[in-house]
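Colleague:
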Amino acid sequence: MDSGQLPSRSYIPKSPHGPFPYSPADLTPMDVGNDSSFYNVPRFVTHIDDNAILNLRKYYDSVLPRQGRILDFCSSWISHYPPEVQDAAAAGTLDVLGVGMNAPELSKNPALKGWAVQDLNEDPEVRLPGSREGNLDASTCVVSIDYLTRPVEVLQSIRRQTNEGGQVHLIVSSRCFPSKAVGRWLDVGEEERLDMVGDYLWWSGWRNIEIQTLVVGTWRRDPLWVVRGENIAKSAGTPVGRVLV
Ligand SMILES: C[S@@+](CC[C@H](N)C(=O)[O-])C[C@H]1O[C@@H](n2cnc3c(N)ncnc32)[C@H](O)[C@@H]1O
Numbered sequence: 001m002d003s004g005q006l007p008s009r010s011y012i013p014k015s016p017h018g019p020f021p022y023s024p025a026d027l028t029p030m031d032v033g034n035d036s037s038f039y040n041v042p043r044f045v046t047h048i049d050d051n052a053i054l055n056l057r058k059y060y061d062s063v064l065p066r067q068g069r070i071l072d073f074c075s076s077w078i079s080h081y082p083p084e085v086q087d088a089a090a091a092g093t094l095d096v097l098g099v100g101m102n103a104p105e106l107s108k109n110p111a112l113k114g115w116a117v118q119d120l121n122e123d124p125e126v127r128l129p130g131s132r133e134g135n136l137d138a139s140t141c142v143v144s145i146d147y148l149t150r151p152v153e154v155l156q157s158i159r160r161q162t163n164e165g166g167q168v169h170l171i172v173s174s175r176c177f178p179s180k181a182v183g184r185w186l187d188v189g190e191e192e193r194l195d196m197v198g199d200y201l202w203w204s205g206w207r208n209i210e211i212q213t214l215v216v217g218t219w220r221r222d223p224l225w226v227v228r229g230e231n232i233a234k235s236a237g238t239p240v241g242r243v244l245v
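Start counting the sequence shown at 1; every next residue gets the next number (the UniProt record's numbering).
1) Considering aspartate 72, what are the terminal residues of the beta strand (DSSP E) in which it resides?
2) Tell me the rounded alpha-carbon separation between serine 3 and glycine 134.
3) When burial is assigned at 16 or more other CB atoms within 10 Å of the CB, is isoleucine 209 buried or exposed?
4) Note down, in chain order, each residue of its chain lying with its Cβ closer than 6 Å to the Cβ of glycine 229, except the 5 sequence neighbours on either side.
5) I need the straight-line Cα distance from isoleucine 12 to aspartate 87, nearest angstrom please.
6) Can you find a heavy atom of ligand 1 that lies under 7 Å from the Cβ of aspartate 195?
7) Can you determine whether any heavy atom of ligand 1 sits closer than 7 Å to the C-beta of tyrosine 147, and answer yes or no?
8) Should the stretch 53 to 67 be called in touch with the stretch 116 to 126, which here means at least 3 C-beta pairs below 8 Å?
9) Measuring straight from C-alpha to C-alpha, what distance separates asparagine 40 and glycine 100?
10) Cβ atoms of arginine 175 and valine 152: under 8 Å apart, would you say?
11) Candidates Arg220, Glu191, Ala233: which alpha carbon is nearest valine 226's?
12) Taking just the CA atoms, how far does aspartate 95 sit from lysine 113?
13) With leucine 201 as the anchor, note down where its beta strand (DSSP E) starts and where it stops.
14) So, glutamine 156 versus serine 204, is the Cβ gap smaller than 8 Å?
15) Going by DSSP, what residue range makes up the beta strand (DSSP E) through isoleucine 209?
16) Whole angstroms are fine: how far does the CA of aspartate 137 sit from the CA of alanine 116?
17) If the criterion is Cβ atoms closer than 8 Å, does the pair isoleucine 232 and valine 197 meet it?
18) Give me whichever residues DSSP pairs with glycine 98 in a beta bridge.
19) Less than 8 Å between the CB atoms is what I'm expecting for aspartate 222 and isoleucine 48, so what's the real figure, rounded?
20) Can you say whether arginine 69 is buried or exposed, counting buried as having 16 or more other CB atoms within 10 angstroms of its CB?
21) So, valine 85 versus arginine 66, is the Cβ gap smaller than 8 Å?
22) Helix, strand or coil for alanine 138 per DSSP?
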């Protein structure tokens, strides 16, 4: 990946002091609820192609810390972390935690030191495995933000548990389970989806939000973007609030 050649832009909210710009219908999938049964069967597959995985690993290599604590949320049997991050986890300098929906998948993920099953649409307060609240240096979420019906509450919860200067990296591609993606995701094009994810971050208090292309998609290869934000201030520990829509 030569990221210098690929488009990258700052995200700018259209109405930074206005209310969260999406309606309940925008955030409701065709198949509401039942997430536990939908994800009950393990899927030992990759959801993006090999080229996207290669470029995602390179991206992670350039941004993820080698010390501290990382969370992979909406995780599965694979986190796509590069060998350097896996080595730091194996050496014990880096704690890698995972939250997902399927225990057999999470138990096979070699990167994870600890993991927990949690339906974030039922309970958006992210509970780190082992009751180890907080102190995150980075979080990742791969091709899954489109399934979260309460994304702002989830991202607020993660921000509250993130150290000052820590980042969240939301990876987006073009494939999805259509019945489970939130309504607006299926109604708009790529640029609007990326701005929507930027809006999720803005309204949950993340700042320095940027949108970067990791792979330009073609008819034969998956596109890949990251929408990332930074926690610029130590949170005062505000409880998760309802988002006004
Ligand atoms: C397309 S898979 C991606 C999995 C993984 N990130 C990867 O790259 O292989 C979508 C994932 O979203 C997560 N997910 C979907 N609905 C969820 C929910 N209600 N709560 C928590 N996680 C959810 C599940 O963990 C599921 O594995």
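We put the CB at the ideal spot given by N, CA and C, even for glycine.
Small disclaimer: the values here were computed from a predicted structure and weren't measured.
Modeller: According to the structure data:
1) Counting along the chain, the unbroken beta strand (DSSP E) around aspartate 72 starts and ends at 68 to 75.
2) At serine 3 the pLDDT is 49, less than 50, meaning the model places this residue with poor confidence and gives no usable figure here.
3) buried
4) Val168, Leu201, Trp206, Ile209
5) 37 Å
6) no
7) Flag set: Cβ of tyrosine 147 near ligand 1.
8) no
9) In a straight line, the C-alpha of asparagine 40 is about 11 Å away from that of glycine 100.
10) no
11) Glu191
12) 6 Å
13) Taken as a continuous stretch (DSSP letters only), leucine 201 belongs to no beta strand (DSSP E), being part of the alpha helix (DSSP H) at 190 to 203.
14) yes
15) Per DSSP, isoleucine 209 belongs to the beta strand (DSSP E) from 207 to 215.
16) 19 Å
17) no
18) DSSP links glycine 98 through a beta bridge to Asp72, Trp115.
19) 5 Å
20) buried
21) Judged by beta-carbon spacing, arginine 66 lies within the 8 Å limit of valine 85, meaning their Cβ atoms are closer than that value.
22) strand
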